[in-house]
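Residue numbers (my numbering), protein chains in the order written: chain A, 210 to 640; chain B, 10 to 198.
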Amino acid sequence: MKQLLEGSQAVAEAVRLCRPQVVAAYPITLQTHIIEGLAQQVANGELAAEFINAESEFGAASIVLGAVAGGARAFTATASQGLLLMTEVLYNIAGLRLPVVMVCANRAVGAPINIFSDHQDSMALRDAGWIQFYVESNQEAVDTLIQAYRIAEACELPVMVCMDGFFLTHTFESVELPTQAAVDDFLPPFHFARTLDPANPMTLGGGSEADNYQEYRSAKQAAVEDAQPVIEAFDAEFDDRFGRAHGGLLQAYRLHGAETALLGMGSLMGAVRDVVDKLRDRGQAVGALRLRCFRPFPAQALARYLSGVQRIIVLEKAISIGAGGILASELRAALHQAGMMMPVESVIGGLGGRDLTPQVIESVFHHLFGSKTGAVELRHLQALADARIRRYGLLDADTQWDTARAMQGMRHGRGGYAPSKPTSEMVKNGT
Amino acid sequence: MSVFHEIRFHGRGGQGTVSAAALMALAAFEDGFESQAFPKFGSERRGAPVEAYVRISSTMIRAHNQVYAPDAVVIQDAGLLRSEALLRGLKRGGLIILNGEQNPDSESRDFRWICLPASQLGERHLGRSLPNTVLLGALAASTEWVSLGALEQAVTKLLASKGETLIKANIAALREGVGFITQAEEVVA
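(1) Got a sec: is the Cβ-Cβ distance from Ser476 of chain A to anything in chain B below 8 Å?
(2) Taking the alpha carbon of Val364 of chain A as the reference point, which residue from A:Tyr343, A:Pro229, A:Leu305, A:Ala219 has its own alpha carbon closest?
(3) Determine, for Leu247 of chain A, whether the minimum Cβ-Cβ distance to residues of chain B falls below 8 Å.
(4) Is there at least one Cβ from chain B nearer than 8 Å to Leu213 of chain A's Cβ?
(5) So that I know if they touch, is there some Cβ in chain B lying closer than 8 Å to that of Phe375 of chain A?
(6) Output the distance between the C-alpha atoms of Phe13 of chain B and Asp330 of chain A, rounded to the nearest integer angstrom.
(7) Can you name the start and end residues of the beta strand (DSSP E) that Met369 of chain A belongs to?
(8) Are any of the Cβ atoms in chain B nearer than 8 Å to that of Glu382 of chain A?
(9) At which residues does the beta strand (DSSP E) containing Lys100 of chain B begin and terminate?
(10) Measure the alpha-carbon distance for Glu441 of chain A versus Leu107 of chain B and round it to whole angstroms.
(11) Could you check if Gln389 of chain A is buried or exposed, using at least 16 other CB atoms within 10 Å of its CB as the buried criterion?
(12) Can you give me the Cβ contacts of Leu214 of chain A inside the same chain, cut-off strictly under 6 Å, excluding the 5 residues immediately before and after it?
(13) So what does DSSP say about Phe13 of chain B, is it helix, strand or coil?
(14) With Thr469 of chain A as the anchor, note down where its beta strand (DSSP E) starts and where it stops.
(15) Under a three-way DSSP split, which group does Ser151 of chain B fall into?
(16) Which residues of chain D have a Cβ atom closer than 8 Å to the Cβ of Gly416 of chain A, listed in chain order?
(17) Between Gly533 of chain A and chain B, is there a C-beta pair that is closer than 8 Å?
(18) Does the beta carbon of Pro48 of chain B sit closer than 8 Å to a beta carbon anywhere in chain A?
(19) Cβ of Ala314 of chain A less than 8 Å from any chain B Cβ?
(20) Is the Cβ-Cβ distance between Gln45 of chain B and Phe381 of chain A less than 8 Å?
(21) State yes or no: is the beta carbon of Arg614 of chain A nearer than 8 Å to at least one beta carbon in chain B?
(22) Spell out the partners DSSP gives Glu525 of chain A in its beta bridges.
(23) Quick test of your reading: Arg482 of chain A and Ala497 of chain A, contact by CB under 8 Å. State the CB separation rounded to the nearest angstrom.
(24) In the structure shown, what three-state DSSP assignment does Gln218 of chain A receive?
(25) Just by C-beta distance, which residues in the segment 134-149 of chain B are closer than 7 Å to chain A?
(26) If we call anything under 8 Å between Cβ atoms a contact, is Leu104 of chain B one with Met33 of chain B?
(27) Check whether chain A comes within 8 Å of Glu43 of chain B, counting only Cβ atoms and requiring the distance to be less than that.
(28) Applying a beta-carbon distance threshold of less than 9 Å, which residues of chain B neighbour Thr238 of chain A?
(29) Return the CA-CA distance between Val518 of chain A and Glu468 of chain A, expressed in angstroms with no decimal places.
(30) What is the DSSP secondary structure of Thr142 of chain B, counted as helix, strand or coil?
(31) Would you say His19 of chain B reaches chain A, if we count a Cβ-Cβ gap shorter than 8 Å as a contact?
(32) Could you check the C-alpha separation between Ile84 of chain B and Ala193 of chain B for me, to the nearest Å?
(33) Excluding the 5 residues flanking Glu571 of chain A on each side, which residues of the same chain have their C-beta closer than 8 Å to its C-beta?
(34) Do Ala470 of chain A and Leu565 of chain A have their CB atoms nearer than 8 Å?
(35) What would DSSP say about Val309 of chain A, mapped onto helix, strand or coil?
(36) Please classify Ile190 of chain B as buried or exposed, where buried requires at least 16 neighbouring CB atoms within 10 angstroms.
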């Protein structure tokens, strides 16, 4: 049965269905409702878990590390600076191959301090050795969380489920929660083969030097790469059992016959689908590809899906300062490896919560690849009137402001609403 | 029949703006529509401006964007009119439900204003000047986008953990808002 739930509430319910034995967290905006929900469940006796309100995110991550090493299923969630404060421990969790599952309620990173959503926080952890999912909807967040425990425990790898703060965490939308019995069937009880046990002493996390450290890293790289078919298989099995799949590693939308494809991650892809439909209705050959699993990076699958298109736009909500788009760079490398040389245009936007509206997404399609002949026309880029867009693909404030103004102009035939008196002040910001 | 409505709520932290949006979305969902609600607030809390957005649709809602071209705007605090661009993007002919005695823009024919003293009406039932459910009642009665029954169910559901007294008080406040509209309609008729 479908319910209208807040994203965080839906995730808390999904976590409960996975029967974690330890929940540890430190509150931070955009994650708080998830943790409050879990605390409430524990207090109400609905969830038989040890709930530990840690003294910091570093502490919370350390607690779940220890819990899983002790054989317990564990959960934590954080965002932004909180994730960065966990960084050292998250590398250790990955290095120890501990199947921790966490949610990152994606939020911008300071300074300047900003509580709104982008992908900079979790992208900063991309090299840590965690599997990373970026979900589009709250239904996908729920389903991915349940899949995440199965994947984590089957592969002995930690999994981070990344969901956009506010756009998903604070959004009420319809979600179907699976039954406890169905989740129990899909997700067997956690049995950790390397559980620390005083009766059977062993070392977890011993030292390693130059003679074998590299082999550990190599084995780790192989383990994460090898998770790709597992992720696909469990999404397919989830579909069989629950009637919903989310694309496994990646999800195409109207890519068949598309000349221009937009690649992106997370909740912005809902608006992208709407824009693709609109442009398709006008006869424009556009499509979209949503990367669901960023780590492991499905380079071959991406190349396969994109083999038929002539040009690609990568729209992403994070930037590697000094280099540019992260997803765009990785895609270019993947395509190069596959011998594919179509142009890839990198666009960075939606930082610090700036909304990537359907109008902005449409303007990205038009300005970057708007030519009817299909050739890349740089003058369309220049039309955006900012060299930074060409160099780094960063959507600047003017571009979006102009779009907003153009929208109002189109709608009202003038620059927005401006009553004569007595309230001219009240809307001066809107004109 | 295809249905698509967008509503933007403006208020201050502590006035139940986010809850009002959630209630509207819940009511629409109870009535069988797809719906969505989400807030935008800063790291400040009480007293600071808050916005919340609602979409009601007969088909699946995929976009997670804020609402830029609302069909209706609900203003929980008339004081916000001084500093915020509250009517930005409102569609021509769109509805404004204002918590206030007076239409501040009586010459404009672009929009339909409904002004009611929601804080005082709310206080009668809630014991403090909370305008949100009164305004919701007025919104539901003047648009018929959601049924009153569904709105009452939404209140019962969302406030389930807060106890029977508060649920009853909020339902009474809702009806107060509905009553304001129906009385006004009788006068016009």
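Positions of the beta carbon are idealized from the N, C-alpha and C atoms, including for glycine.
Owing to the predicted nature of the structure, the values given are computational and were not obtained by experimental measurement.
So, from the data block:
(1) Using beta-carbon distances, Ser476 of chain A counts as an interface residue toward chain B, with a partner under 8 Å.
(2) Looking at the sequence provided, one finds Cys at residue 364 of chain A rather than Val. Minimum Cα distance to Cys364 of chain A is reached at A:Leu305.
(3) It does not; no Cβ of chain B falls within 8 Å.
(4) It does: the Cβ of Leu213 of chain A has a partner Cβ on chain B nearer than 8 Å.
(5) At a cut-off of 8 Å, the C-beta of Phe375 of chain A has a neighbouring C-beta in chain B.
(6) Between the alpha carbons of Phe13 of chain B and Asp330 of chain A lies a gap of roughly 35 Å.
(7) Its beta strand (DSSP E) spans residues 368-373.
(8) With respect to chain B, the C-beta atom of Glu382 of chain A has a partner C-beta closer than 8 Å.
(9) No beta strand (DSSP E) holds Lys100 of chain B; DSSP gives it neither H nor E.
(10) Cα to Cα, the separation comes out at about 51 Å.
(11) With fewer than 16 other Cβ atoms within 10 Å, it is exposed.
(12) Closer than 6 Å at Cβ, skipping near neighbours: Val384.
(13) Of the three classes helix, strand and coil, the one that applies to Phe13 of chain B here is strand, per DSSP.
(14) Per DSSP, Thr469 of chain A is one residue of the beta strand (DSSP E) stretching across 469-473.
(15) Helix, per DSSP.
(16) Checking the listed chains, one finds no chain D in this structure; the protein chains it contains are A and B.
(17) No - not a single Cβ of chain B is within 8 Å of the one on Gly533 of chain A.
(18) Taking Cβ atoms only, chain A reaches closer than 8 Å to Pro48 of chain B, which makes this a yes.
(19) Not closer than 8 Å to any Cβ of chain B, the Cβ of Ala314 of chain A fails to qualify, so no.
(20) The answer is yes: Cβ separation under 8 Å.
(21) Caution applies to Arg614 of chain A, whose pLDDT of 39 falls short of 50 and renders its modelled position unreliable; the value that the coordinates give is listed next. Not one chain B Cβ lies under 8 Å of Arg614 of chain A.
(22) In the DSSP output, where bridge partners are listed per residue, Glu525 of chain A has A:Ile557.
(23) With 8 Å as the limit, Arg482 of chain A and Ala497 of chain A qualify as a contact, their Cβ atoms being about 6 Å apart.
(24) Here Gln218 of chain A sits in helix by DSSP.
(25) Using a CB distance below 7 Å, no part of the segment 134-149 of chain B faces chain A.
(26) Taking C-beta atoms as the reference points, Leu104 of chain B and Met33 of chain B fail to come closer than 8 Å.
(27) By this cut-off, Glu43 of chain B is an interface position.
(28) Result: Ser52.
(29) Roughly 5 Å between the two C-alpha positions.
(30) Note: Thr142 of chain B maps to helix in three-state DSSP.
(31) Closer than 8 Å to the CB of His19 of chain B there is not a single CB belonging to chain A.
(32) Whole-angstrom Cα-Cα distance: 19 Å.
(33) Excluding positions up to five away in sequence, the list reads Val484, Lys487, Leu488.
(34) Leu565 of chain A sits away from Ala470 of chain A, with the two beta carbons spaced by 8 Å or more.
(35) Three-state DSSP puts Val309 of chain A in coil, outside helix and strand.
(36) When all chains shown are included, Ile190 of chain B counts as buried.
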